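Now the structure itself:
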């Protein structure tokens, strides 16, 4: 043998030795890893596991300071109906200053009970009966492969199962998949199959996949293996499914068409709401803006007065006009007891009506004069007006004493009007109601009047059943002014034109005897009707 | 129309002849699904657990022979299919005898149902083996000194042996059955 051959032989030997040593070291590393798993999961001692159909190992752990030498321990085992045998022990240092005492059986028999005892210096320290086929601790699956297979949100996982004959259909697997940077993942289980499809994954995301194996526990059983080395893979990015895109487009198109149809069907309503027509007074004032550029005074001067007068916006009743309420003229001789004939009462009513109208006309004329001096011609030439005015002047010049005041203040008269003429009274009241659009005639009670007599503003309430829904300014001082001008009875009314519902107020001592007439401005008939009572109230003209 | 009628009549004739054909019964379809055996194994485990809890009225009156359940895969693979089948069939027969003896001496009604179920399962497994074309087994004249047997004296031991026998040798035999291998190929 030459030197070269010797050198080659030595080198090969060293290589084999190194490989063997590496294998031994690796084996030791693997054993330590499995032992650490069993130390956590198996409470019994000694802890035993089978890696294959031919390998079976038992071990126990002892602290360094308490452990003796390996010679102090003995490990015996005996299969059912067989003699016991001794198992040579080996020691392996473990983490945390511990020592592992290991027995590896060379002859493995399954489906038969195995009794194991451990002795230390003749004293039994561990004892256990077990079945080897129920204590498998397999290596994790190898060659774990993960691929996308062209499907979005899916991963295909495949692996090589442990090569154990007769056990393939008894193996179960767990696949762990989680986000690459997450510690929490999901686990999917599968039996007797070496591949799995993961679905429902996020698109374009990196995942970590691991697999472990165990036996199903029917024929064979054991512990879950360690997780395989992680495999990282990124799922396919999100893609727009053509079908989904087309369906989305069609649905959107249909919705747009529906919206357009709705808008077109409610076109007028929407235009009215969004772009309301701003009213302009152009149509009512012809030429005001087009000719005179909005100069109203100039337009008034150039146009005739008839336009202004015929304008519907100019309403005479909107102006406050003083209303003079006349006391009832004693056109007929005073009646002592007989009731007034209907004709007379009607005549009296008519006279009052005419006086009211006349006065109203006069007052209206005055108010119109204040605004414009155009329309008074028609009123002055009325013959009847002259006669009534004369009558009024006579009354003013010769006022009726308060004790013998107007006919209306006469108890008998009032009684006659109210008591015997009930049916006619209603008729009268209806006719009066029509004839006196603005007539306000009421008597007052003491109490309410005393409350409201100094009210210079609006009358908020009235006694009786009526409601005042508009503002009317009444000014009627107390009895003092009656003494001032006792013979004159008038009242100024400033009416805003809104609905008014008066109920007359009568004096407290006259309540039992006096029947009061209530003139409703809005032609509403109050529940209890009474003939009107004219009182002497000097009124300050607001106009 | 006439041709179709003739075809139908011809098919009907074949069916009738097939049903009425005299001769040997057709072979059973091989039962290769191991889930059947897994079901039997689970019932055997339930019976063993129940028997371990029994204290009275659940003992064997005499020592019985039971098959050895030990399986060494190297040794098992060295045997041929015939030897394996004979070993399994012998064991099933022994177990059936022992369980029948236990049934006669059992006074616990709850355990009686387990024993009856176990005996039925053994009959079913025998039928499965027959479906796999295994040779019919001829029982020996005497079981004393029979090779590959143990002697047990308690019901718990008997049911433990029964369970281990099903999980071991019976399952290995079914896994390697030629009839099932032919179906796969």
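Chains as they are written, first to last, in this note's numbering: chain W, 2 to 544; chain P, 365 to 549.
Ideal Cβ positions, reconstructed from N, Cα and C, are used throughout, including at glycine.
Please read these numbers as outputs of a predicted model, since none were measured by experiment.
(message) Taking the straight line between their C-alpha atoms, what separation do you get for residue 469 (chain P) and residue 425 (chain P)?
(response) Stepping through the second chain from its first residue, residue 469 (chain P) is reached at position 105. Stepping through the second chain from its first residue, residue 425 (chain P) is reached at position 61. Looking at the two C-alpha atoms, the distance is approximately 7 Å.
(request) Give the secondary structure of residue 446 (chain P) by DSSP, where H, G and I count as helix, E and B as strand, and everything else as coil. (result) For the purposes of this step, residue 446 (chain P) is taken as the residue at position 82 of the second chain. Here DSSP, grouped into helix, strand and coil, assigns residue 446 (chain P) to helix.
(request) Could you check what DSSP says for residue 96 (chain W) in three-state terms: helix, strand or coil? (result) Start at 1 with the first residue of the first chain, and residue 96 (chain W) comes out as number 95. DSSP places residue 96 (chain W) in coil when its eight states are reduced to three.
(message) Can you confirm whether the segment 489-503 of chain P touches the segment 452-466 of chain P when touching is taken to mean that 3 or more C-beta pairs between the two stretches lie within less than 8 Å?
(response) The segment 452-466 of chain P is in contact with the segment 489-503 of chain P.
(message) Under 8 Å: do the segment 405-415 of chain P and the segment 142-162 of chain W share three or more Cβ pairs, one atom per stretch?
(response) No: the two stretches stay apart, fewer than three of their Cβ pairs being nearer than 8 Å.
(request) Tell me whether residue 451 (chain P) sits in a helix, a strand or coil according to DSSP, three-state version. (result) Locating residue 451 (chain P) in the second chain gives position 87, where the first residue counts as 1. Three-state result, residue 451 (chain P): helix.
(message) Short of 9 Å Cβ to Cβ, which residues in the segment 73-89 of chain W face chain P?
(response) Hits within the stretch, in order: 80, 81, 82, 83.
(request) Quick one: grab the DSSP three-state call for residue 172 (chain W). (result) Counted from its first residue, the first chain places residue 172 (chain W) at position 171. Three-state DSSP puts residue 172 (chain W) in a strand.
(message) I need the boundaries of the alpha helix (DSSP H) containing residue 415 (chain P), first residue and last residue.
(response) Taking the second chain and counting its residues from 1, the one referred to as residue 415 (chain P) is at position 51. Here the alpha helix (DSSP H) through residue 415 (chain P) covers 399-417.
(request) Could you have a look at residue 267 (chain W) and say whether DSSP puts it in helix, strand or coil? (result) Locating residue 267 (chain W) in the first chain gives position 266, where the first residue counts as 1. Correct three-state label for residue 267 (chain W): coil.
(request) Pick out whichever of W:119, W:54, W:252, W:60 has its Cα sitting closest to the Cα of residue 133 (chain W). (result) Stepping through the first chain from its first residue, residue 133 (chain W) is reached at position 132. For residue 133 (chain W), the closest alpha carbon among the candidates W:119, W:54, W:252, W:60 is that of W:54.
(request) Measure the alpha-carbon distance for residue 293 (chain W) versus residue 253 (chain W) and round it to whole angstroms. (result) For this step, residue 293 (chain W) is matched to residue 292 along the first chain. For this step, residue 253 (chain W) is matched to residue 252 along the first chain. Between residue 293 (chain W) and residue 253 (chain W), the C-alpha separation is close to 56 Å.
(request) List the residues of chain P that residue 113 (chain W) touches, going by C-beta distances under 9 Å, in chain order. (result) In the first chain, the residue the question calls residue 113 (chain W) occupies position 112. Here the neighbours are 432, 433, 434, 435, 528, 532.
(message) Residues in the same chain with beta-carbon distance under 6 Å from residue 372 (chain P), minus the five sequence neighbours each way, listed in chain order, please.
(response) For this step, residue 372 (chain P) is matched to residue 8 along the second chain. Excluding sequence neighbours, residue 372 (chain P) sits near nothing in its chain.
(request) Output the distance between the C-alpha atoms of residue 447 (chain P) and residue 202 (chain W), rounded to the nearest integer angstrom. (result) Numbered from its first residue, the second chain carries residue 447 (chain P) at position 83. Numbered from its first residue, the first chain carries residue 202 (chain W) at position 201. The straight-line gap separating the alpha-carbon atoms of residue 447 (chain P) and residue 202 (chain W) is approximately 53 Å.
(message) Less than 8 Å between C-beta atoms, sequence neighbours within five positions excluded: which residues of the same chain meet that for residue 481 (chain P)?
(response) Within the second chain, residue 481 (chain P) is the residue found at index 117, counting from 1. If we look at residue 481 (chain P) and ignore the five residues flanking it on each side, its Cβ neighbours are 407, 411.
(message) Under 8 Å, with one C-beta from each stretch per pair, do the segment 194-201 of chain W and the segment 95-108 of chain W reach the 3-pair mark?
(response) Short answer: they don't touch.
(message) Please tell me whether residue 107 (chain W) has its Cβ less than 7 Å away from any Cβ of chain P.
(response) For the purposes of this step, residue 107 (chain W) is taken as residue 106 along the first chain, with counting starting at 1. Not closer than 7 Å to any Cβ of chain P, the Cβ of residue 107 (chain W) fails to qualify, so no.
(message) Taking 7 Å as the threshold (beta carbon to beta carbon), is residue 538 (chain P) in contact with chain W?
(response) Position 174 of the second chain holds residue 538 (chain P). Against chain W, the CB of residue 538 (chain P) has no partner CB under 7 Å away; the residue lies outside that interface.
(request) Evaluate residue 344 (chain W) with the Cβ neighbour count: other Cβ atoms within 10 Å of its Cβ, from every protein chain shown; 16 or more gives buried, anything less gives exposed. (result) As a working mapping, residue 344 (chain W) is identified with position 343 in the first chain. In this prediction, residue 344 (chain W) scores a pLDDT of 47, lower than 50, which makes its location untrustworthy; the coordinate-derived value is nonetheless stated afterwards. Answer is exposed; the Cβ neighbour count stays below 16.
(message) Can you tell me whether residue 514 (chain P) is helix, strand or coil according to DSSP?
(response) Mapped onto the second chain, residue 514 (chain P) falls at position 150. Reduced to three states, the DSSP call for residue 514 (chain P) is strand.
(request) Assess, as a yes-or-no matter, whether the segment 56-71 of chain W is touched by the segment 83-101 of chain W under the definition of 3 or more beta carbon pairs within less than 8 Å. (result) Touching, yes.
(request) Would you please verify whether the beta carbon of residue 402 (chain P) is less than 7 Å from any beta carbon of chain W? (result) As a first step, residue 402 (chain P) is located in the second chain; it is residue number 38 there, counting from the start. Taking Cβ atoms only, chain W reaches closer than 7 Å to residue 402 (chain P), which makes this a yes.
(message) List, from N- to C-terminal side, the beta strand (DSSP E) runs of 3 residues or more that fit wholly inside the segment 48-82 of chain W.
(response) For the segment 48-82 of chain W, whole beta strand (DSSP E) runs of length 3 or above, ordered along the chain, are 48-50, 57-64, 74-80.
(message) Using a Cβ-Cβ distance cut-off of 7 Å, determine whether residue 110 (chain W) contacts chain P.
(response) Residue 110 (chain W) sits at position 109 when you count from the first residue of the first chain. At least one CB of chain P lies nearer than 7 Å to the CB of residue 110 (chain W).
(message) For a cutoff of 7 Å on Cβ pairs, would you count residue 486 (chain P) as touching chain W?
(response) Here residue 486 (chain P) refers to the residue found at position 122 of the second chain. Closer than 7 Å to the CB of residue 486 (chain P) there is not a single CB belonging to chain W.
(request) May I have the straight-line CA-CA distance separating residue 136 (chain W) from residue 399 (chain P), to the nearest angstrom? (result) Reading the first chain from its first residue, position 135 is the one you call residue 136 (chain W). Reading the second chain from its first residue, position 35 is the one you call residue 399 (chain P). Roughly 22 Å between the two C-alpha positions.
(request) Could you name the residues of chain W that residue 535 (chain P) contacts, counting a contact when the two beta carbons are closer than 7 Å? (result) Against the second chain, residue 535 (chain P) aligns to sequence position 171. Here the neighbours are 220.
(request) Would you tell me roughly how many angstroms separate the C-alpha atoms of residue 261 (chain W) and residue 270 (chain W), rounded to the nearest one? (result) Here residue 261 (chain W) is taken as the residue at index 260 of the first chain, counted from 1. Here residue 270 (chain W) is taken as the residue at index 269 of the first chain, counted from 1. When the Cα atoms are used, residue 261 (chain W) and residue 270 (chain W) turn out to be separated by approximately 14 Å.
(request) Kindly identify the DSSP beta-bridge partner or partners of residue 235 (chain W). (result) Stepping through the first chain from its first residue, residue 235 (chain W) is reached at position 234. Note: residue 235 (chain W) sits in a beta bridge opposite W:207.
(request) Decide if the segment 119-130 of chain W is in contact with the segment 36-51 of chain W; the criterion is three or more beta carbon pairs, one per stretch, under 8 Å apart. (result) Two segments are said to touch when three or more pairs of C-beta atoms, one from each, lie closer than 8 Å; by this definition the segment 119-130 of chain W touches the segment 36-51 of chain W.
(request) Please check the pair residue 190 (chain W) and residue 239 (chain W), which I expect to be a contact at CB under 8 Å, by giving their CB distance rounded to whole angstroms. (result) The residue you call residue 190 (chain W) lines up with position 189 of the first chain. The residue you call residue 239 (chain W) lines up with position 238 of the first chain. About 29 Å; that fails the 8 Å criterion.
(request) Helix, strand or coil for residue 87 (chain W), going by three-state DSSP, please let me know. (result) As a first step, residue 87 (chain W) is located in the first chain; it is residue number 86 there, counting from the start. In the three-state scheme derived from DSSP, where H, G and I count as helix and E and B as strand, residue 87 (chain W) is classed as strand.
(request) Select from the segment 158-177 of chain W all residues with a C-beta closer than 7 Å to any C-beta belonging to chain P, and list them in chain order. (result) For the segment 158-177 of chain W, which is checked against every Cβ of chain P, the residues closer than 7 Å are 167, 170.
(request) Run the CB neighbour count on residue 535 (chain P), radius 10 Å, all protein chains shown included, and call it buried at 16 or more, exposed below. (result) What you label residue 535 (chain P) is simply residue 171 of the second chain in a count that begins at 1. Its Cβ being crowded by 16 or more others within 10 Å, residue 535 (chain P) is buried.
(message) Between residue 405 (chain P) and chain W, is any beta-carbon pair separated by less than 7 Å?
(response) Here the question's residue 405 (chain P) lines up with position 41 in the second chain. At least one beta carbon of chain W lies nearer than 7 Å to the beta carbon of residue 405 (chain P).
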